[in-house]
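If you're matching positions, the sequence shown starts at 2 in this note's numbering and goes up one per residue.
Each residue gets a CB set at the ideal place from its N, CA and C atoms; glycine is no exception.
The structure displayed is predicted, hence computed values, not measured ones.
A short write-up of the structure that comes next.
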Amino acid sequence: MSFQSAIAALPSELQTLAHKQVEALQPVFESMPSLPDQFHQDCLKVLIGSDFVVEQLSRRQSTLPDLIAEGGLERQYELGEYAARLRQRILDLDDEAAFHRQLRVFRNYEMVRLIWRDLTRKSDTRNTVIELSALADACIDEALNWLYAKACKRWGVPQSRPNSEGITYPQQLVVLGMGKLGAKELNLSSDIDLIFCYPKNGETDHERSSLENQDFFIRLGQKLIQALDNLTLDGFVFRVDMRLRPFGSAGPLAISFNAMENYYQEQGRDWERYAMVKVRPVAGDLAEGERLLTELRPFVYRKYIDFSAFESLRDMKQMINREVRRKGLEQNVKLGSGGIREIEFIAQAFQLIRGGRDRDLQQRELLNILPLLPDKIGMPIEAVNELAQAYLFLRDTEHAIQAIADKQTQELPDDPLGQARIAFSMGFLEWQAFSDQLSLHRQAVSRHFADVIAPVVEDDDEEDKAAEQWMWLFKGEIEQAQALEFLTEKGFEEAQAALKLLSDLRNSRTMQLTQQVARERLYMILPELLERIVTCDNSTQTLERVLLLIEAVLRRSAYLVLLAENPGALQQLVRLCSASAWFSVLLAKQPVLLDELIDPRTLFTPPDKARLQAELNQQLLRISEQDTEQLMEALRYFKHAHVLKVAASDITGALPLMKVSDYLTWLAEVLLAAVLDNAWRGLVEKHGYPMTDEGPMLQPRFIVLGYGKLGGIELSYGSDLDLVFIHDSDPNLSTDGEKSLSNAVFFNRLGQRVIHLLNTFTPSGQLYEIDMRLRPSGNSGLLVSSLKAFSDYQHKEAWTWEHQALIRARVVTGDSKLAAAFEQVRADILSKPRDRSRLMDDVVHMREKMRQHLSSKDTTNTLNVFDLKQDRGGIVDIEFMVQFLVLAHAKTFAELYTYTDNIRILDALEAVQILTAELAENLREAYKAFRSVGHRQSLQEQSNTVIADEELGKWRECVMAIWDEVMTS
Numbered sequence: 002m003s004f005q006s007a008i009a010a011l012p013s014e015l016q017t018l019a020h021k022q023v024e025a026l027q028p029v030f031e032s033m034p035s036l037p038d039q040f041h042q043d044c045l046k047v048l049i050g051s052d053f054v055v056e057q058l059s060r061r062q063s064t065l066p067d068l069i070a071e072g073g074l075e076r077q078y079e080l081g082e083y084a085a086r087l088r089q090r091i092l093d094l095d096d097e098a099a100f101h102r103q104l105r106v107f108r109n110y111e112m113v114r115l116i117w118r119d120l121t122r123k124s125d126t127r128n129t130v131i132e133l134s135a136l137a138d139a140c141i142d143e144a145l146n147w148l149y150a151k152a153c154k155r156w157g158v159p160q161s162r163p164n165s166e167g168i169t170y171p172q173q174l175v176v177l178g179m180g181k182l183g184a185k186e187l188n189l190s191s192d193i194d195l196i197f198c199y200p201k202n203g204e205t206d207h208e209r210s211s212l213e214n215q216d217f218f219i220r221l222g223q224k225l226i227q228a229l230d231n232l233t234l235d236g237f238v239f240r241v242d243m244r245l246r247p248f249g250s251a252g253p254l255a256i257s258f259n260a261m262e263n264y265y266q267e268q269g270r271d272w273e274r275y276a277m278v279k280v281r282p283v284a285g286d287l288a289e290g291e292r293l294l295t296e297l298r299p300f301v302y303r304k305y306i307d308f309s310a311f312e313s314l315r316d317m318k319q320m321i322n323r324e325v326r327r328k329g330l331e332q333n334v335k336l337g338s339g340g341i342r343e344i345e346f347i348a349q350a351f352q353l354i355r356g357g358r359d360r361d362l363q364q365r366e367l368l369n370i371l372p373l374l375p376d377k378i379g380m381p382i383e384a385v386n387e388l389a390q391a392y393l394f395l396r397d398t399e400h401a402i403q404a405i406a407d408k409q410t411q412e413l414p415d416d417p418l419g420q421a422r423i424a425f426s427m428g429f430l431e432w433q434a435f436s437d438q439l440s441l442h443r444q445a446v447s448r449h450f451a452d453v454i455a456p457v458v459e460d461d462d463e464e465d466k467a468a469e470q471w472m473w474l475f476k477g478e479i480e481q482a483q484a485l486e487f488l489t490e491k492g493f494e495e496a497q498a499a500l501k502l503l504s505d506l507r508n509s510r511t512m513q514l515t516q517q518v519a520r521e522r523l524y525m526i527l528p529e530l531l532e533r534i535v536t537c538d539n540s541t542q543t544l545e546r547v548l549l550l551i552e553a554v555l556r557r558s559a560y561l562v563l564l565a566e567n568p569g570a571l572q573q574l575v576r577l578c579s580a581s582a583w584f585s586v587l588l589a590k591q592p593v594l595l596d597e598l599i600d601p602r603t604l605f606t607p608p609d610k611a612r613l614q615a616e617l618n619q620q621l622l623r624i625s626e627q628d629t630e631q632l633m634e635a636l637r638y639f640k641h642a643h644v645l646k647v648a649a650s651d652i653t654g655a656l657p658l659m660k661v662s663d664y665l666t667w668l669a670e671v672l673l674a675a676v677l678d679n680a681w682r683g684l685v686e687k688h689g690y691p692m693t694d695e696g697p698m699l700q701p702r703f704i705v706l707g708y709g710k711l712g713g714i715e716l717s718y719g720s721d722l723d724l725v726f727i728h729d730s731d732p733n734l735s736t737d738g739e740k741s742l743s744n745a746v747f748f749n750r751l752g753q754r755v756i757h758l759l760n761t762f763t764p765s766g767q768l769y770e771i772d773m774r775l776r777p778s779g780n781s782g783l784l785v786s787s788l789k790a791f792s793d794y795q796h797k798e799a800w801t802w803e804h805q806a807l808i809r810a811r812v813v814t815g816d817s818k819l820a821a822a823f824e825q826v827r828a829d830i831l832s833k834p835r836d837r838s839r840l841m842d843d844v845v846h847m848r849e850k851m852r853q854h855l856s857s858k859d860t861t862n863t864l865n866v867f868d869l870k871q872d873r874g875g876i877v878d879i880e881f882m883v884q885f886l887v888l889a890h891a892k893t894f895a896e897l898y899t900y901t902d903n904i905r906i907l908d909a910l911e912a913v914q915i916l917t918a919e920l921a922e923n924l925r926e927a928y929k930a931f932r933s934v935g936h937r938q939s940l941q942e943q944s945n946t947v948i949a950d951e952e953l954g955k956w957r958e959c960v961m962a963i964w965d966e967v968m969t970s
């Protein structure tokens, strides 16, 4: 059969593509005078299914003839064959660039073979994933062996510390494969999740260039990642993801076995148990790796039957569902409903629950676990068969999607040609038939997943008797007088205004353009929503706020389904919108945050800093480090979600004022740490590590100073961040990458990158608005200063107000050694002897200047119209008094500058008897009262200017009296 006759037999929508692909490879075919039987049909399957194969065959025209000559397209490789073939290519290489190239040429050659065999069904699904995993194992292990030999030649062989007999033992890196690689289930375009570790601490045996073992293995690990992950003209080998290691991206790249065991014993979280089910040593010292896994087994598999796994996996699935909705991933065959991930969760739930008591369940491969479930836990054999069939179909679909362009995606195409290609690769003549079969499998998976992980809660069948009347009213099907009477009876205190709000929504352009399915979803929740609104004291105001959100989500009506399926979320929505306009505005702008209303346990219990850090690390694991746009969106979602939780706890009285600021400050610190980490890794990847006299700077000697509210642990809703950046590097040295930069330029770009990630506007807004004007010389100064330059400026050039600001400054993230050095500089500056009279003049003059420009201009009744922050007797007066007293007395009392927040500084001023107990207490209470009102104003979307009631007026007069006493004496 010729190509022409084979193409004529194809579906019409694929024939043009087939002609194009065959034409692109015509020189290859002309070099092959005799072709095997069935070649044309098999070849067309591959050419239609994979642009990647066409590109590779065209670039290296010997590939296809070589594969046919070797018989590689017709047979499965034997155990160890990948490693032997790769070893032959790289064994005699000495040049690292040539080594990288051969790795990629080998990978591309073998991927052509694997895709060909998969699309022509010469290899079934299980064999394909096993061979893909074997290919990855070989690439990692052979690359590691080559690099280890080079590293040992340069720095010596790493040795354990001497034992009691003075004997040391050579140490090798252990590479653990996680996820699909660990389970030998790799797909056609998987990244590989790795963890690097080594048995024992010690040092290398080089006479002159000895390194600590950890430093040696970190450098070796970096070289291995570059060898596998770097994108060159020849492509890449495997994308490498290291974020599943202990402490995630913030942790060292390689750690000892002891450190691994301590981490999982003391800090290991449920999602890490889930990840460790599939872990497998894939390279390096495999025997030592198995020994480590034996030690870690009690962390993964508990001795008792552990039903908490259901809740943990349910929470993880809920998080994935949020991401699916947020990113529109409903057509994702891995993460979407009824996808691969749900089948994996079913199997692993029972592994985690019963695996500690049943070793049979301690296997990595999903298709080995499913057949055990009827006997082990009583799952019906029909359910197991349906899950296994669905899994194979979904994995084949995943491979068909990825084979097209060698891209890591599981998203079904939405264009006709893309759909026709997938259907053809899956053995269907047209898309609809494939789609119907896929839907049947996904529905079966969803049903079994619900039975196992997320049981469906039966709703109360009692219908709301008023639902029909609510819908008549909303659709305008009853007379106005009757509608007003109904609204009044229901409890709307302003029935006329409520009726207008509902009519305006019904007649709005948004509603007119809304599709029928969205209308039906709105009608599904509207009666229940209105029934809850009328129970609020401010029902009409609440209705206005809630309808703002409803109109915003009409075109994204999946959120209406969320409210329909989660009555608790609907209840919280009404409750919070009733309490504050801030919630309705935030949710209308970011409706994805409705997910956060589902579980009141988390909504009204914001996490502490450690839990915030762990949760953010977990969310960032799913984002490619190169995908800046997705990273920025994830960081903004994380912030919005947690600010929502803090505000919910604040408005309901679950958190006092000081705790609200603590949580908002912790949130900012965690986000800043993540931003700095990402910015550092991105610049290092591009330009290499900054050099020091001791070698590469593997961790950034860089700190972020928080001033103002951030420094004082007093952040509020919508606060900007006053930041200053400091580095500690030799400006005469440069980075060690191919695109080298001087250290000074590198750290300046690091600061720019941090600011870019923080204040760039995305669809979700800014992360934070950043103010850098408090750096040395303000806007005219360098963006990033060395610590010495910062110290010199503060000692020789800074104004008094800059020393006032320094009282509130503290390190919020960055290098601990540099942070300690900064604290010493801060102490030296604040404790300088100062002339009290001149200091007072400077502080009072600056305060008067601020009042002229920033205080409220209504002078008719100054005690009633009150700017909480800038007017006389307000927050800034208290802050200036505190700062004056610290600068005046810090030389004598070091405890005055221990803390950066005003409350604890006032405690210190009282403790050393600079302020009397009465004055200190009055200032504390006034400060907390003003800030509390300020928080409430923010939540009501109102300014800091208020009409002072009797209590505020009392505190304002009190502060003015203390100012007159302290600042004029």
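Query, Result
"Nearest residue (CA-CA) to Ala184, options Ala7, Leu174 and Leu195", "Leu195"
"beta-carbon Thr666 near the ligand COA non-hydrogen atom, thresh 8 Å", "Here there are no bound small molecules, and the ligand COA is not part of this structure."
"Outcome for Gln22 when other beta-carbon atoms lying within 10 angstroms are tallied against a minimum of 16", "buried"
"Burial state of His854, where buried means 16 or more other Cβ atoms lie within 10 Å", "exposed"
"Backbone CA spacing between Trp117 and Arg396 [nearest angstrom]", "16 Å"
"Segment limits, beta strand (DSSP E) that includes Phe605", "Unbroken run through Phe605: none, as it is neither H nor E."
"C-beta contact flag for Thr410 and Gln403 at 9 Å", "yes"
"Glu467 (DSSP reduced to helix, strand or coil)", "Per the sequence presented here, residue 467 reads as Ala, with Glu not at that position. Coil."
"Presumed contact (8 Å Cβ cut-off) between Gly766 and Arg848, rounded CB distance", "Gly766 to Arg848, Cβ: 34 Å. No contact."
"8 Å contact criterion, which Leu604 and Ala649 should meet: CB distance rounded", "5 Å"
"Reduced DSSP category for Cys198 - H, G, I as helix; E, B as strand; rest coil", "strand"
"Sequence-distant residues of its chain with Cβ nearer than 8 Å to Arg105 (five each side left out)", "Thr233, Asp235, Gly236, Phe237 and Val238"
"Short Cβ contact (9 Å threshold) for Asp872 with Asp816", "no"
"Segment contact, 8 Å Cβ cut-off, at least three pairs: the region 162 to 177 with the region 266 to 274", "no"
"Supposed contact pair Ala482 and Leu500 - C-beta distance, whole angstroms, cut 8 Å", "Not quite, the Cβ-Cβ distance comes to about 11 Å (not below 8 Å), so this is no contact."
"Contact under 9 Å by Cβ, Pro200 with Asp286", "yes"
"Own chain, CB closer than 8 Å to Gln62, minus 5 neighbours either side, in chain order", "Pro28, Val29 and Ser32"
"CB contact flag (Leu502, Thr541, <9 Å)", "yes"
"Span of the beta strand (DSSP E), counted from its first residue to its last, around Gly285", "Arg281 to Gly285"
"Simplified DSSP assignment, three categories, for Met692", "strand"
"N- and C-terminal bounds of the alpha helix (DSSP H) containing Leu758", "Asn744 to Asn760"
"Alpha-carbon to alpha-carbon, Leu910 and Val755", "36 Å"
"Tyr302 versus Ser338, Ala284, Leu336 and Asp359, residue with shortest Cα-Cα distance", "Asp359"
"Same chain, Cβ closer than 6 Å to Gly252, five either side skipped, listed in chain order", "Arg246"
"Where the alpha helix (DSSP H) through Leu561 begins and ends", "Ala559 to Glu566"
"C-alpha gap between Ala9 and Asp361, whole angstroms", "52 Å"
"Proximity below 9 Å, CB of Glu626 to CB of Asn539", "no"
"DSSP-derived helix/strand/coil call for Ile344", "helix"
"Contact between the region 513 to 521 and the region 542 to 552 (3+ Cβ pairs under 8 Å)", "no"
"Residue(s) in a DSSP beta bridge with Leu706", "Val725 and Val812"
"Pairwise C-alpha distance: Val685 and Ile534", "54 Å"
"Nearest to Tyr78 (by Cα), restricted to the options Asp43, Gln614, Leu120 and Ala139", "Ala139"
"First through last residue of the beta strand (DSSP E) which encompasses Thr946", "Thr946 to Ile948"
"Residues of its chain near Phe4, where Cβ-Cβ distance is below 6 Å and the 5 sequence neighbours each way are ignored", "Val23 and His41"
"Continuous alpha helix (DSSP H) stretch holding Leu530: start and end", "Gln517 to Ile534"
"Closest Cα partner of Ser857 within the set Tyr690, Gly357, Ser426 and Ser944", "Ser944"
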